[in-house]
Structure formats: structure tokens, C-alpha cells
Amino acid sequence: MNRCLPRLLLLLCPGLVWADGPFVTASETLLQRLELEPVRAMQIAETLRLPGRVALDEHRVARIGPGVTGRVTRVLAFIGESVKKGDALALINSAELGKAQEDYLKSRTQTNLQRLNVGRARRLLEAGIISEAIYRERESMLEEREVELRAGADQLRVLGMSESALARLNSSGQIHSEAPVTATLTGTLIERHISIGQNTQPSDDLFTVADLSHVWVVAEVPEQQVQQVNPGEMAEVRIPALGDSAIHGPIIYVASVVNAATRTVTVRMTLDNPAGRLKPEMLATLVITHPPQQSLVVPVRAVIRQDERDHVFVRREPQRFELIPVTLGASQGDYRVVMAGLDEGEVIVAEGAFHLNNERIRRELE
């Protein structure tokens with residue numbers, strides 16, 4: 008008797024819509040307002056349009072700090088300037104560097120004295136005045152001194168001394184406690200966090216230099232569409248600030264994790280930028296177009312968005328429809344590609360789905 012009740016009510020009340028969970032039994036009046044069509048396959052060239060931005064190529068960025076603790080005495084480079092690898096960007100007066108040079112010079116003097124001792128011991132050994140054991144002991148002491156000297160030279164290099172500065176120290180024996188902060192990359196100075204008189208430490212980032220002849224375009228693709236993006240494939244980018252002309256380049260990276268907050272995956276393409284027209288943080292649109300292929304589609308107007316998912320009404324009986332969840336791709340004109348949830352030939356509500364769903368919700372509330 009329960010099964011007959013909806014049909015009896017429809018006969019008695021022609022305008023009634025009977026709702027049963029995801030199922031809706033529509034009256035003849037409402038049925039006339041619906042447009043039905045089967046799910047069908049079409050040749051679709053899927054195109055993804057992803058909002059993005061121009062970004063620095065992180066493989067071509069150097070964040071530069073001092074090699075020593077000290078006080079800034081001179082700043083030699085400013086934002087926007089082009090610098091070459093090895094150029095001095097600032098000078099730091101460092102007591103630490105002066106002490107390291109002093110220790111190095113002392114170690115060099117002691118090493119030279121030990122070399123003289125070994126030479127003297129060799130002559131005494133040849134004259135039979137000292138034993139072989141004493142000579143070997145003198146040689147061992149020389150090796151220790153030479154190890155200490157090499158360690159001192161390495162320490163000076165770590166503190167920022169160049170090979171030419173180390174050679175001058177060896178030749179003159181004069182201590183210079185001013186250490187340069189040098190560029191480690193050829194490019195453009197884009198950040199500066201330094202001023203005269205500032206105290207610095209090796210952990211400080213004082214300058215950022217970037218090679219802007221290559222840049223990235225970074226975009227976010229919804230997780231449902233990430234399978235349509237593959238490293239190595241060519242894409243195009245359109246930048247409104249440059250007249251929206253298309254620039255082509257390869258996709259070089261697709262992230263391995265989904266951003267939990269946005270439910271998107273980061274993708275990245277690389278572009279040559281010899282003239283410097285592409286500026287970091289410019290807005291961009293990343294366009295990825297795939298060759299046409301046969302795909303199931305549904306009209307955009309048939310889709311109901313509910314509970315953060317896409318749904319469509321499928322006809323189960325002449326007047327009975329079921330609201331089912333489906334997985335759809337991006338819009339392609341008036342259609343959306345069916346990824347999962349529907350089979351070819353199933354009849355869906357192509358027009359009027361919104362009204363049918365409103366009646367279903369109203370009946371559930373009642």
C-alpha cells in the first residue's frame with residue numbers, strides 16, 4: 008500500500024511533487040517543464056585555465072650573508088643593480104677575522120721554525136749525531152704544524168677571505184680585519200637588509216640576488232583535475248600586464264601533495280626571460296590544452312551543486328528521478344566532462360533540474 012500512495016496522491020493532486028530521499032516523483036505538470044536527454048559521448052578538447060603568478064626561479068636565487076660576526080662599515084650595492092659573482096656587496100669589520108688571521112700567522116711562523124728544525128735534524132742524522140727515532144719525531148711534529156696551518160687557512164676561507172686576500176696575508180704578514188660580503192651568483196639585487204653600523208652574524212640574510220633571465224609561472228590546479236597535468240608537457244601562459252599574448256613553455260613540476268586548505272595541487276612551468284619583461288608576482292593564467300578525445304558529457308545546466316559535490320537527476324522510471332553524485336571535469340563550453348558516476352545512454356534532467364531539486368528539498372523539510 009505504501010508504494011501506491013505516491014501515485015494515488017499524484018492522481019488526486021496533479022501539481023504535487025513527491026520526495027523520498029534522493030528520489031523525486033514528479034507530477035505530469037512538472038514533467039512537462041523538464042527537458043530530458045541521454046548522456047552521450049562527444050569529441051572534447053579539454054582546456055584547463057589555472058590562475059597563477061610569475062615567480063622567481065628558486066634554482067637561480069642566492070640569499071647572501073656575512074661569513075663573520077662584525078659591524079657593517081660600507082654598503083656597496085643597492086636594490087635593482089646588476090652584480091656579478093664575486094663582487095663585493097658590503098664590508099664588515101670583524102674582530103673574529105682579525106683574531107683568525109693572527110692565529111694563522113702564528114701557525115705559519117711555528118711551521119717555518121719546525122721546517123728548519125727538521126732540516127737541521129736531517130743533517131745531524133747524516134753525521135751520525137742523532138738517531139733515526141729523533142729525526143722521525145721532528146718530522147712528525149712538522150706534519151702536525153702543517154695540518155694546523157692548513158686548518159687555519161681553511162678557517163680564513165670560511166670567514167670570507169678570498170685566495171687573493173690569503174696570498175696578500177702570506178706575502179705581507181699584515182692583518183686586515185675588514186671582510187667583504189660577496190655575491191655568490193650573477194644576477195639582479197632584489198632584496199637588501201643592511202645598513203652602515205649594523206651588527207651582523209653569519210646567520211643573517213643581508214642580500215638576495217636573483218637571475219631573472221629565467222622565471223617560473225606557478226599555478227594551482229583543483230585536485231579533481233590534477234591527473235590532466237603531466238610534467239614535461241607544453242603549456243601556454245597569458246599575462247594581462249603584457250597584453251595577454253601567449254607565451255609557451257614546459258610544465259616542469261607537479262606537486263606530490265594536495266594543499267589541505269585549498270584542495271589544490273601546485274604546478275610550475277619555466278620560461279626564458281632574456282629581456283626581463285616578466286616580473287615576479289605578475290598575475291598570469293596558465294592554459295593547458297589536450298588533444299580532442301571522445302568523452303561522456305552532461306550539459307552545464309543539468310548540474311546541481313550540493314554538499315560540496317556535483318549531482319545530476321537521473322530518470323529511473325517515467326516520472327521518478329534520482330539525484331546522484333557525479334565526478335565532473337571543468338566546463339567545456341556548454342558541457343562538462345563526466346569523470347565518474349554516469350554511463351552512456353542514461354537519461355538525465357538537462358533543463359529544470361534546479362526547480363526539481365528545490366521541490367525535493369521543500370518536500371523533505373515538510
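Mind the numbering: the sequence shown is residues 8 to 373 in our numbering, read in order.
For glycine and all other residues, C-beta sits at the position ideal for the given N, C-alpha and C.
For Pro187, the three-state secondary structure derived from DSSP is strand. Of the residues Gly77, Arg56 and Asn365, the one whose Cα lies closest to the Cα of Ser202 is Gly77. For Thr80, the closest alpha carbon among the candidates Glu198, Ile254 and Val188 is that of Val188.
If you draw a straight line from the Cα of Ile197 to the Cα of Gly87, it comes to about 6 Å. In its chain, beyond the 5 residues on either side, Val307 have a beta carbon closer than 7 Å to the beta carbon of Ser338. Residue environment: Phe85 is assigned as exposed (fewer than 16 neighbouring CB atoms within 10 Å of its CB, all protein chains considered). Under the three-state reduction of DSSP output, Leu363 falls in the helix class.
Considered as a whole, the region 88-123 harbours 95-100 as its complete beta strand (DSSP E) runs of no fewer than 3 residues, in chain order. For the pair Arg245 and Ala282, the CB atoms are not nearer than the 8 Å cut-off. Val68 and Leu363 do not touch by the CB rule: their CB atoms are close to 55 Å apart, not below 8 Å. When the five nearest sequence neighbours on each side are left out, the beta carbons in the same chain lying within less than 7 Å of the beta carbon of Met148 are those of Gln121, in order along the chain. Here the alpha carbon of Glu351 sits roughly 21 Å from the alpha carbon of Pro29.
By the beta-carbon neighbour count (other beta carbons within 10 angstroms, threshold 16), Val216 is buried. Across the set Met241, Gln39, Glu53 and Glu146, the C-alpha of Glu53 shows the shortest separation from the C-alpha of Val304. Linking Val61 to Gln313 through their CA atoms gives a straight-line distance of about 35 Å. Rounded to the nearest angstrom, the gap between the Cα atoms of Arg322 and Leu372 is 23 Å. Sequence-distant partners of Arg152 (beyond 5 residues in either direction) whose C-beta falls short of 8 Å from its own C-beta, in its chain, are Ser114, Gln117, Thr118 and Gln121. In the three-state DSSP reduction, Ser138 falls in the coil class, being neither helix nor strand. Ile254 and Leu63 have their C-alpha atoms some 17 Å from each other. His200 is the residue among Thr193, Thr36, His200 and Asn266 whose C-alpha sits nearest the C-alpha of Ala97. Judged by beta-carbon spacing, Glu227 lies beyond the 8 Å limit of Leu335, meaning their Cβ atoms are not closer than that value. Within the same chain, Cβ atoms closer than 6 Å to the Cβ of Glu103 are found at Val75 and Thr76, the five residues on either side in sequence being excluded. Counting only runs of 3+ residues, the beta strand (DSSP E) found wholly inside the region 206-263 occupies 214-217, 221-229, 241-245 and 253-261, in chain order. In the structure shown, Ser34 adopts coil according to DSSP, grouped into three states.
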